[in-house]
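Here's the structure, in structure tokens; my notes come after.
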Amino acid sequence: MAGAAAAVASGISIRPVAAPKISRAPRSRSVVRAAVSIDEKAYTVQKSEEIFNAAKELMPGGVNSPVRAFKSVGGQPIVFDSVKGSHMWDVDGNEYIDYVGSWGPAIIGHADDKVNAALIETLKKGTSFGAPCALENVLAQMVISAVPSIEMVRFVNSGTEACMGALRLVRAFTGREKILKFEGCYHGHADSFLVKAGSGVATLGLPDSPGVPKGATVGTLTAPYNDADAVKKLFEDNKGEIAAVFLEPVVGNAGFIPPQPAFLNALREVTKQDGALLVFDEVMTGFRLAYGGAQEYFGITPDVTTLGKIIGGGLPVGAYGGRKDIMEMVAPAGPMYQAGTLSGNPLAMTAGIHTLKRLMEPGTYEYLDKVTGELVRGILDVGAKTGHEMCGGHIRGMFGFFFAGGPVHNFDDAKKSDTAKFGRFHRGMLGEGVYLAPSQFEAGFTSLAHTTQDIEKTVEAAEKVLRWI
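Residue numbers (this note's numbering): 1106 to 1574.
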């Protein structure tokens, strides 16, 4: 089922969500952020600047996650006040169409009424028990029913925690220490993964992170993404020593980079032959490419999967799961220790349950594919029309584009893109009321709340900005 009419027939609303009642500032000509002025539409971000300057005295770089500081794109970081549906409002009252989606969780739209109502009811009972709650069973069963590889699941509090737990698990299960990851793939900020880690460190222009001891990464092997021959060579050179291959099945932390047709199959085959495990980091792709994630979409079942973002509905969450015989290694069922004070807390479980319920509705992923396809095609078309070399693509509600001729198959290809031009484009789009990820090396996201009107306005803005830059 495709198209707006089909989406409506399937019970998916594509009408704009009502905006929250806050004071809006008109687009002002008096202050032009980052010296960007497109026609007569410039706007003030004075309050954002004041708050961010104060934040720099309180928190490193003024933020709690580096990419938010706009180091990759330049200009003044925006301080937001509220979100609803596909839109965001900053502290100066400026409105933006949002394509970051809180970095992925907001797949049904920000501040969904049903999710919020459920959270209010749960909140009345308390925020955290530090003990089992029935909601854990509900979300666990939903995840197990949806994701092909997961027979048992452990909830944690972030994608980083999920990958840390999965790393310890695969080493415990196989008795091996080495892991193989791909250049440009980011699996959180644990020491063992901060090797050629894509946007997690690329936003700072660093190849790795200071403070990571050599001993933490000595067992981490790397290969170019989409290069099956390089993987096979590493297995030949390290026969019987590799515990697992970790990867983003679709790269989102080096920009949007999909797998080549035979790549995932090759990984499945080589890991089976060597007795290693295959781990899909679906923190970003889980429940976004399909209800069962990238593994459902591509038809490749890994041994272990990590999740996050969407399964918490906007609240802090993570999870790792896999075959029962592997997961029974985790304490208290087995000897591999991992724990968390707020793991499985009722608020995150509630938001996850009601987000997944919405995603189960017919037509969900067809609608995401429709609006995202219109967005990417529109931007690439106006890019060509205005004389810019660009390439890009999408799968369902995940997308990306590069200021490069392409094709982009790996992180080295991605790094050839014109990041300075992307920075100018990003700043210009902010001036037109469009919020994109503040890094060339980050995927973008759409939601069920995005409308055809949102897409049309975004493409119109892109053409205006591309003519200017």
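Using N, Cα and C, we set each Cβ at its ideal position, and we do this for glycine too. This structure is a prediction, so every number in the text was calculated from the model and none was measured.
Asked                                                                                                                                      : Found
Cα-Cα separation, GLY1483 to ALA1519                                                                                                       : 21 angstroms
Which listed residue (LEU1326, VAL1356, ASP1332) has its alpha carbon closest to that of ASN1343                                           : LEU1326
Assumed close pair ASP1197, VAL1150 - CB separation to whole angstroms, cut-off 8 angstroms                                                : 5 angstroms
Sub-8 angstroms separation of THR1455 and ALA1236 beta-carbons                                                                             : no
DSSP-derived helix/strand/coil call for LEU1272                                                                                            : helix
According to DSSP, residues forming a beta bridge with ARG1259                                                                             : TYR1425
Length of the line joining the Cα atoms of SER1254 and LEU1382                                                                             : 12 angstroms
Beta-ladder partner(s) of ASP1386, from DSSP                                                                                               : THR1411
Euclidean distance between Cα positions of MET1495 and ALA1239                                                                             : 49 angstroms
Selection from ALA1548, ASP1217, THR1524 that minimises the alpha carbon distance to PHE1504                                               : ALA1548
Inter-residue Cα distance where the pair is ILE1127 and VAL1178                                                                            : With a pLDDT of 37 at ILE1127, under the threshold of 50, the modelled position of this residue cannot be trusted; read the value that follows with caution. Whole-angstrom Cα-Cα distance: 28 angstroms.
Cβ neighbours of MET1465 in the same chain (closer than 8 angstroms, five flanking residues each side left out)                            : TYR1396
Strand pairing of ILE1347, partner residues [DSSP]                                                                                         : LYS1283
Own chain residues within Cβ distance below 8 angstroms of ARG1129, not counting five before or after                                      : Caution is warranted here: a pLDDT of 40 is assigned to ARG1129, below 50, making its placement in the model unreliable, and no coordinate value can be reported.
From LEU1412, ASN1515, GLN1545, residue whose alpha carbon lies closest to that of GLY1528                                                 : GLN1545
Bounding residues of the alpha helix (DSSP H) (the contiguous stretch that carries SER1187)                                                : From DSSP, SER1187 is part of no alpha helix (DSSP H) but of the beta strand (DSSP E) over 1185-1189.
Span separating the alpha-carbon of GLY1064 from that of GLU1341                                                                           : As shown, the chain starts at 1106 and ends at 1574. That puts residue 1064 outside it, with no answer to give.
For ALA1236, the three-state DSSP class (helix, strand or coil)                                                                            : coil
Counted within 10 angstroms of its Cβ, other Cβ atoms place VAL1323 as buried (16 or more) or exposed                                      : exposed
Range covered by the beta strand (DSSP E) that runs through HIS1459                                                                        : Taken as a continuous stretch (DSSP letters only), HIS1459 belongs to no beta strand (DSSP E), being part of the alpha helix (DSSP H) at 1451-1464.
Classification of ILE1225 by the beta-carbon crowding that lies within 10 angstroms, buried from 16 upward                                 : exposed
As assigned by DSSP and simplified to three states, the class of VAL1564                                                                   : helix
Alpha carbon of ALA1371 to alpha carbon of VAL1336, nearest angstrom                                                                       : 9 angstroms
Beta-carbon proximity of ALA1295 to LEU1272, cut-off 8 angstroms                                                                           : yes
Nearest residue (CA-CA) to GLY1536, options PHE1507, LEU1163, ALA1554, LYS1569                                                             : LYS1569
Contacts around ALA1140, its chain only, beta-carbon distance under 6 angstroms, and the 5 residues preceding and following it disregarded : Bear in mind that the predicted position of ALA1140 carries a pLDDT of just 40, short of 50, making it unreliable; the figure below should be weighed with that in mind. Counting only Cβ-Cβ distances below 6 angstroms, and skipping sequence neighbours, we find nothing.
THR1327 - DSSP class collapsed to helix/strand/coil                                                                                        : strand
MET1441 to ALA1159 span [Cα, whole Å]                                                                                                      : 43 angstroms
The segment 1277-1285 / the segment 1342-1356 touching (three or more Cβ pairs under 8 angstroms)                                          : yes
GLY1445 beta carbon less than 8 angstroms from that of ASN1262                                                                             : yes
Option in ILE1560, LEU1480, ASN1221 with minimal Cα separation from ASN1452                                                                : The identity of residue 1452 in the sequence shown is Leu, whereas the question assumes Asn. Cα-wise, what sits closest to LEU1452 is ASN1221.
Same chain, Cβ closer than 6 angstroms to GLY1439, neighbours up to 5 away in sequence not counted                                         : GLU1433
Whole-angstrom distance between GLY1426 and ALA1307, CA atom to CA atom                                                                    : For ALA1307, the predicted structure reports a pLDDT of 44, less than 50, and the residue's modelled location is therefore unreliable. A value from the coordinates is still provided. Roughly 29 angstroms separates the two Cα atoms.
Terminal residues of the alpha helix (DSSP H) in which GLY1398 lies                                                                        : 1398-1403
N- and C-terminal bounds of the alpha helix (DSSP H) containing MET1534                                                                    : 1524-1536
Assigned exposure category for GLN1558 - 16 Cβ within 10 Å defines buried                                                                  : exposed
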